[in-house]
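S.K.:
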Amino acid sequence: MATKWGICSAGKISNDFVVALQTLPAQDHQAVAVAARYLSRAKEFAKSHNIPKAYGTYEELAEDPDIDIVYVGAIHPAHRDLVLLFFNHGKNVLCEKPMAMNLTEVKELTSAARKHNVFFMEAFWSRFFPVYEEIRSLLDQKVLGEVKVVRAEFGANLVGVPRAVEKELGGGALLDIGCYGIQFASMAFNGENPESVTANGFLHDTGVDETVTIILQYPGKCQAIITSTIVTELPNQAVISGTQGMIQIPSYMWSPTSLIVNGKETKYTLPTTTKHLHFKNSTGLSYEAEHVRQCLLKGLKESPIMSLAESELLASIMEEVYIQLGIYKNKE
Ligand SMILES: NC(=O)c1ccc[n+]([C@@H]2O[C@H](COP(=O)([O-])OP(=O)(O)OC[C@H]3O[C@@H](n4cnc5c(N)ncnc54)[C@H](OP(=O)(O)O)[C@@H]3O)[C@@H](O)[C@H]2O)c1
2 MATKWGICSA GKISNDFVVA LQTLPAQDHQ AVAVAARYLS RAKEFAKSHN
52 IPKAYGTYEE LAEDPDIDIV YVGAIHPAHR DLVLLFFNHG KNVLCEKPMA
102 MNLTEVKELT SAARKHNVFF MEAFWSRFFP VYEEIRSLLD QKVLGEVKVV
152 RAEFGANLVG VPRAVEKELG GGALLDIGCY GIQFASMAFN GENPESVTAN
202 GFLHDTGVDE TVTIILQYPG KCQAIITSTI VTELPNQAVI SGTQGMIQIP
252 SYMWSPTSLI VNGKETKYTL PTTTKHLHFK NSTGLSYEAE HVRQCLLKGL
302 KESPIMSLAE SELLASIMEE VYIQLGIYKN KE
């Protein structure tokens with residue numbers, strides 16, 4: 002039976018997610034309903050993606066009994082309330098990254114998911130790309146020996162994107178794109194807690210973080226260096242260096258199609274589409290959707306690859322970075 006997806010928000014990433022879903026077999030995945038703040042937007046979205054039901058409120062989507070899982074593609078300040086709305090109606094949820102605005106909210110959501118006994122995952126789609134699967138397999142086999150240094154960067158000129166620069170829309174380099182580097186380091190160090198978090202950076206004139214570099218130190222003299230910026234392009238690569246070898250991910254480290262292991266490159270092909278996409282390599286969202294389907298079929302309440310505990314860890318690292326940058330003080 003197909004996994005029936007409800008789509009919450011008719012914005013850019015929701016468009017790409019539905020396009021990616023439709024690259025998968027229709028007997029496995031169906032977008033059955035979409036909700037937006039305005040019915041006209043929902044209807045337009047439904048029409049362009051052949052989705053049977055369109056709602057003008059998120060509540061109607063929450064009340065729809067014929068949905069297996071809701072994909073939350075709204076801007077991040079809206080995540081907390083929306084996810085709780087769906088949990089309160091017993092819905093499973095895949096929520097776009099970052100899961101929420103701060104550690105307090107993230108913990109509230111993870112404990113609500115456990116309380117309601119629903120499936121919940123932060124949509125770090127990168128984790129499910131074949132390149133990331135291969136990296137985890139190489140790390141498991143200790144092909145690099147002991148991992149010592151990890152580098153990751155995500156920089157793009159997003160100064161014209163309201164979501165990236167405006168405080169009330171959840172703007173800032175870290176929440177929008179820097180989180181990809183943190184999740185990468187966390188995967189490379191097997192979800193371990195860093196011993197220390199050190200951050201330095203600059204604020205944009207809107208008050209959000211503009212450019213940030215973070216050093217995470219892990220036990221055993223291991224380090225991750227993560228840079229993100231919303232004012233300029235970076236090479237957008239990542240590297241994992243171990244005592245016996247090195248893995249490089251050429252651009253884009255968050256949605257990669259190429260992997261270089263000790264100098265030898267392997268290329269990967271993504272699903273194709275003729276439909277419009279807003280973001281690079283977005284058909285790769287299909288890997289995440291299929292992973293979620295497999296979790297639901299197994300009756301899992303969280304993903305073994307992107308667990309709730311790891312979402313809490315990532316949020317705790319970001320919280321510390323904000324405190325050090327002096328722009329965030331809401332620590333528990
Ligand atoms: N995985 C990825 O590759 C990826 C890429 C980009 C973004 N993202 C994440 O996806 C989320 C949405 O990003 P996006 O680029 O799709 O954003 P967007 O198109 O600017 O907005 C997404 C939706 O947010 C909803 N929203 C709720 N309150 C809003 C408000 N006060 N002002 C404006 N919109 C509001 C709107 O829903 P309605 O349609 O209901 O009005 C809008 O369509 C973010 O959390 C972002 O970090 C992920």
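Residue numbers are given in the working numbering: position 297 of the sequence shown equals residue 298, and the series is strictly consecutive.
Even glycine gets a Cβ: it sits at the ideal position worked out from N, Cα and C.
Closer than 7 Å to a non-hydrogen atom of ligand 1 - does that hold for the CB of Leu40?
M.R.: no
S.K.: Using a 10 Å radius around the Cβ and a threshold of 16 neighbouring Cβ atoms, would you call Ile8 buried or exposed?
M.R.: buried
S.K.: For the beta strand (DSSP E) holding His30, just list the boundary residues, first then last.
M.R.: His30 to Ala36
S.K.: Between Lys5 and the rest of its own chain, which residues show a CB-CB distance below 7 Å, the 5 nearest in sequence each way excluded?
M.R.: Gln31, Val33, Asp67, Ile68 and Asp69
S.K.: Among all the DSSP beta bridges, which residues are the ones paired with Phe203?
M.R.: Thr212
S.K.: Specify, as a first and last residue, the run of the alpha helix (DSSP H) that Asn194 falls within.
M.R.: Premise fails: Asn194 is in no alpha helix (DSSP H) and is neither H nor E.
S.K.: Apart from the five residues just before and just after Val151, which ones in its own chain have a Cβ nearer than 6 Å to its Cβ?
M.R.: Ala186, Ala189, Ala225 and Ile241
S.K.: Distance, Cα to Cα, Asn263 vs Met254?
M.R.: 17 Å
S.K.: In this structure, how does DSSP classify Trp6 when only helix, strand and coil are distinguished?
M.R.: strand
S.K.: How many Å lie between Glu106 and Arg38 at the Cα?
M.R.: Distance from the CA of Glu106 to the CA of Arg38, rounded to the nearest whole angstrom, comes to 22 Å.
S.K.: For Phe155, which of helix, strand or coil comes out of DSSP?
M.R.: strand
S.K.: So is the beta-carbon of Lys168 under 7 Å away from any non-hydrogen atom of ligand 1?
M.R.: No, Cβ of Lys168 sits at least 7 Å from all heavy atoms of ligand 1.
S.K.: Straight-line CA distance for Leu168 to Met2?
M.R.: The identity of residue 168 in the sequence shown is Lys, whereas the question assumes Leu. Each residue's Cα considered, the two are about 42 Å apart.
S.K.: Would you mind reading off the limits of the alpha helix (DSSP H) that contains Met319?
M.R.: Leu309 to Leu326
S.K.: Return the CA-CA distance between Glu109 and Phe88, expressed in angstroms with no decimal places.
M.R.: 12 Å
S.K.: Whole angstroms is fine: what's the gap from Lys222's alpha carbon to Leu40's?
M.R.: Their backbone Cα atoms lie some 55 Å apart in a straight line.
S.K.: Nearest to Trp126 by alpha carbon, out of Gln238, Pro220 and Lys98?
M.R.: Selection Gln238, Pro220 and Lys98 evaluated against Trp126 yields Lys98 as nearest (Cα-Cα).
S.K.: Between Thr274 and Val20, which are expected to be in contact by the criterion C-beta below 8 Å, what is the C-beta distance as a whole number of angstroms?
M.R.: 5 Å
S.K.: Following the continuous alpha helix (DSSP H) through Phe46, name the residue where it begins and the one where it ends.
M.R.: Leu40 to His50
S.K.: Kindly list the residues whose CB is nearer than 7 Å to the CB of Gly91, restricted to its own chain and excluding five residues on each side of it in sequence; keep chain order.
M.R.: His117 and Val119
S.K.: With a threshold of 8 Å, are at least 3 pairs of Cβ atoms found where one atom belongs to the region 154-174 and the other to the region 134-143?
M.R.: no
S.K.: Given 7 Å as the limit, tell me if Gly179 has its C-beta closer than that to any heavy atom belonging to ligand 1.
M.R.: no
S.K.: Closest to Lys281 by C-alpha separation, out of Leu62, Val84, Pro26 and Phe155, would be which residue?
M.R.: Phe155
S.K.: Helix, strand or coil: how does DSSP classify Ile178 here?
M.R.: helix
S.K.: Answer with buried or exposed for Gly146, where buried requires no fewer than 16 other C-beta atoms within 10 angstroms of its C-beta.
M.R.: exposed
S.K.: Would you call the CB atoms of His279 and Lys13 closer than 8 Å?
M.R.: Annotated as proximal: His279 and Lys13, with beta-carbon spacing under 8 Å.
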